[in-house]
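Here is the structure we will look at.
In the working numbering, the protein residues as written are 11 to 294.
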């Protein structure tokens, strides 16, 4: 048996397959970003949720794709935890960006992008990442992300740049006030998540011209910062993963025309695509 994991800072989705790539079972744990979770907490989280009907000693390989897994020296304690729990398995750990690229393109080349709470992109050669965007996080970068859109949205709201009717709807439906927004941003441990939640309101009221313009400008900046950086960028297929990309895919499609992009692909979750990739490559 083989086990695949797709981990973000909030949650980790796991799927267990047989040697044919057929799904046997699945479960979910907390996010296992190695920047924030200790070895002991990793072992506890897996132990609490691992399916009782599956023998962990029969797992041959672990394919773990996660945020915070780009730097080898950062995720060694994650590797040790996985090796302790899946005692007979070979453990392989990869970045979530590589996971997105492999899930979308399998063994073909292309530009892969994540647009969720945060944003990132890479140029993929069919096996590995050949070039990556410089990711600066939601304060200095992440153009087009949920946090970026929420930051622009909340700034416009607080500066009363929306029309009166839209301002009233924002207050009525979100309860957001000057003090609550500033408190959440400057005192909340996860202000990026808070900001990204405004995308729900935007999606629900996307017919409003000011919100449409906000989204267009945000994705235009995304293309400038995360797609145009690659040489001959419009010669490659472009693939997206992430909740914000899926919720606003029509806008992304429209903006892509300006940049002469072709063959846009959108996926919901990368795990099944990753199972297909590793099945094609004989679980290597």
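Beta carbons: idealized from backbone N, C-alpha and C, even for Gly. Predicted, not measured: the structure shown is a model, and the values here were computed from it.
For residue 132, the enclosing beta strand (DSSP E) begins and ends at 129 to 134. If the five residues before and after residue 236 are omitted, its C-beta is found closer than 8 Å to the C-beta atoms of 123, 129, 130, 131, 143, 153, 154, all from its own chain and listed in chain order. Here the C-alpha atom of residue 175 lies approximately 15 Å from the C-alpha atom of residue 186. In this structure, DSSP gives residue 240 a state outside helix and strand, which the three-state scheme calls coil. Note: residue 120 is bridge-paired with 134 in the DSSP secondary-structure output.
For residue 168 and residue 188, the gap between their C-alpha atoms comes out near 6 Å.
In the DSSP assignment, the residues bridged to residue 274 are 248. Unbroken beta strand (DSSP E) runs of no fewer than 3 residues, entirely contained in the segment 19 to 44, are found at 21 to 27, 33 to 40, following chain order.
Excluding residues up to 5 positions away in sequence, 41 lie with their Cβ nearer than 6 Å to the Cβ of residue 20 in the same chain.
The three-state secondary structure of residue 170, taken from DSSP, is coil. In this structure residue 81 is exposed. Its beta-carbon is surrounded by fewer than 16 other beta-carbon atoms within 10 angstroms. The Cβ-Cβ distance between residue 91 and residue 70 does not fall below 8 Å.
Taking 8 Å as the upper bound for CB-CB distance, residue 140 and residue 133 are in contact here, some 5 Å apart. A check of alpha carbon separations from residue 158 across 116, 276, 178, 201 identifies 201 as the nearest. In chain order, 225, 226, 229 place their CB closer than 7 Å to the CB of residue 261, counting only its own chain and leaving out the 5 sequence neighbours on each side.
Comparing alpha-carbon positions, the option among 135, 111, 104 lying closest to residue 125 turns out to be 111. Around the CB of residue 173, fewer than 16 other CB atoms lie within 10 Å, so the residue is classed as exposed.
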